[in-house]
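Residue numbers (my numbering): 213 to 618. Inspection log for the structure reproduced underneath, given as structure tokens.
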């Protein structure tokens, strides 16, 4: 059984635990790094516990000033086996520690902590970016038919939600969903994702090298709810009007590569599709600055409509001087105004994306206007600095005001 040893106060004031690999070129890792830096700056020494990128090594290092990272292995052939292994190692690592505050991001690491919260910490903070009961079926379709597993997921989520003293979420849509699950609204704080505006720099179209064809760019995960196939179909439609290309940058699994290549062959645009592996943010920005449009074709499903999200690719794109085309969904409308900060299109429609591409091609001044207004919106509302200030304020409102130094 996990977390059964006698407890004593730990030298670290706060532990931030996440079933994620950090650092990594993905949104979750970027979010975690931004948050732990701000927490450490205010509250002093903190522990960050994440998944080891290697299979069996437990590694401890100073990641940033006042941030000690411990990477724990998560070994197994299936997600469930990896989660259970991580929980076991986490329990051994925890041993007799007691923290003032514990910050979790999912049930994977959070459930055994929430189940014994009173013996492990004073305050529990649950950061809800997504919930397995909704998202897991898109990664593992067979889960949709497993009612017993779904019941366990919902049950563990509810235990974490009820045990939490503070719940953070990046979207008003997610907040409303949590309230529908009987979460006390007073516990919830909405803190949208942010952008590092130094890294995601602004480069006006007028200062860019002109392209011989219209370059579309998608970056991020290739999860089913992202609608990357729609971007490819839209590219093929636009290519009938003028030369158009699509570059996809993300963690590409073999079956996803095969599916996109098969669709490209079917649409006769194989030579117009480029697939690239994840890269550093600096390298990504270089690609963004050569693109004519960033596409975020989020689809109509419960992950986007009911659970909600805060699409980081939309925010990062808005910062760069490249106009963004995104699905017209509430989670996107939270971030700006259609026709002022980006172009919103009918969800699930490749033709609607194509029409937006044609608008940007034929009205270059529109793209310039959108990009400038979008950058202003990011600078004024969506930086990681602003998110960090909101995070610290939420902690302090909870009663966490102590500052620890070496």
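Ideal Cβ positions, reconstructed from N, Cα and C, are used throughout, including at glycine.
Could you name the residues that DSSP lists as bridge partners for residue i?
| i | result |
| --- | --- |
| residue 333 | 311 |
| residue 594 | BP columns for residue 594 are empty, so no partner. |
| residue 486 | 459 |
| residue 401 | 380 |
DSSP three-state call for residue i: helix, strand or coil?
| i | result |
| --- | --- |
| residue 364 | helix |
| residue 604 | helix |
| residue 506 | strand |
| residue 550 | strand |
| residue 227 | strand |
| residue 339 | strand |
| residue 521 | coil |
| residue 617 | The pLDDT assigned to residue 617 is 48, lower than 50, so where the model puts this residue is not dependable, and the model offers no usable value. |
| residue 501 | coil |
| residue 218 | Confidence is the limiting factor: at residue 218 the pLDDT is only 49, short of 50, which leaves the residue's position unreliable and the question unanswerable from this model. |
| residue 611 | coil |
| residue 511 | coil |
| residue 213 | Residue confidence for residue 213 is low, a pLDDT of 45 falling below 50, so the modelled location carries little weight; the figure read from the coordinates is stated next. Note: residue 213 maps to coil in three-state DSSP. |
| residue 516 | helix |
| residue 587 | helix |
| residue 395 | coil |
| residue 599 | helix |
| residue 388 | helix |
| residue 204 | The structure shown does not extend to residue 204, since the chain spans only 213 to 618, so no value can be given for it. |
How far does the beta strand (DSSP E) with residue i in it extend, from its first residue to its last?
| i | result |
| --- | --- |
| residue 539 | 536-539 |
| residue 556 | 555-557 |
List the endpoints of the continuous alpha helix (DSSP H) containing residue i.
| i | result |
| --- | --- |
| residue 234 | Careful: residue 234 lies outside any alpha helix (DSSP H) and carries neither H nor E. |
| residue 479 | 466-479 |
| residue 532 | Segment: none, residue 532 is in no alpha helix (DSSP H) and carries neither H nor E. |
| residue 344 | 344-351 |
| residue 567 | 562-574 |
| residue 545 | 542-545 |
query: Quick one: complete beta strand (DSSP E) runs, 3+ long, within the region 403-458?
result: Segments of the beta strand (DSSP E) lying fully in the region 403-458: 426-431.
- prompt: In chain order, which continuous runs of the alpha helix (DSSP H) of length 4 or greater are located wholly inside the region 248-329?
  reply: DSSP runs (the alpha helix (DSSP H)) wholly in the region 248-329: 291-306, 319-327.
message: Across the region 527-537 and the region 357-376, are there enough close Cβ pairs to call them in contact, namely three or more that are closer than 8 Å?
response: The region 527-537 is not in contact with the region 357-376.
task: Determine contact between the region 595-605 and the region 538-554, defined as no fewer than three beta-carbon pairs at a distance below 8 Å.
output: Too few Cβ pairs lie closer than 8 Å, so no.
Contact between the region 245-256 and the region 264-284 (3+ Cβ pairs under 8 Å): A contact between stretches requires three or more CB pairs, one per stretch, nearer than 8 Å, and the region 245-256 meets this requirement with the region 264-284.
task: Would you be able to state if there are at least three C-beta pairs under 8 Å between the region 229-241 and the region 263-271?
output: Yes, since at least three Cβ pairs between the region 263-271 and the region 229-241 fall closer than 8 Å, the two stretches touch.
query: On the three-pair Cβ rule with 8 Å, is the region 472-482 touching the region 498-513?
result: No, they do not touch.
Touch test, the region 400-410 against the region 358-365, Cβ-Cβ under 8 Å, three pairs minimum: Result no; under three Cβ-Cβ pairs closer than 8 Å.
query: Do the region 577-589 and the region 380-396 make contact, defined as three or more Cβ pairs closer than 8 Å?
result: No, the region 577-589 is not in contact with the region 380-396.
query: Any chance the region 333-346 sits against the region 410-423, with 3 or more Cβ pairs inside 8 Å?
result: Cβ pair count under 8 Å is below three, so no.
- prompt: Do the region 548-565 and the region 436-448 meet, that is, are 3 or more Cβ pairs less than 8 Å apart?
  reply: These segments touch.
- prompt: Should the region 497-506 be regarded as contacting the region 384-396, the criterion being three or more beta carbon pairs within less than 8 Å?
  reply: A contact is defined here as three or more CB-CB pairs under 8 Å, and the region 497-506 fails this definition with respect to the region 384-396.
message: Measuring CB atoms only, is the region 588-597 touching the region 312-320, in the sense that at least three cross pairs come out at less than 8 Å?
response: The region 588-597 is not in contact with the region 312-320.
message: For the region 461-468 against the region 486-495, do three or more pairs of beta-carbon atoms, one drawn from each stretch, fall closer than 8 Å, so that the two count as touching?
response: Under the 8 Å Cβ criterion, the region 461-468 counts as touching the region 486-495, having at least three qualifying pairs.
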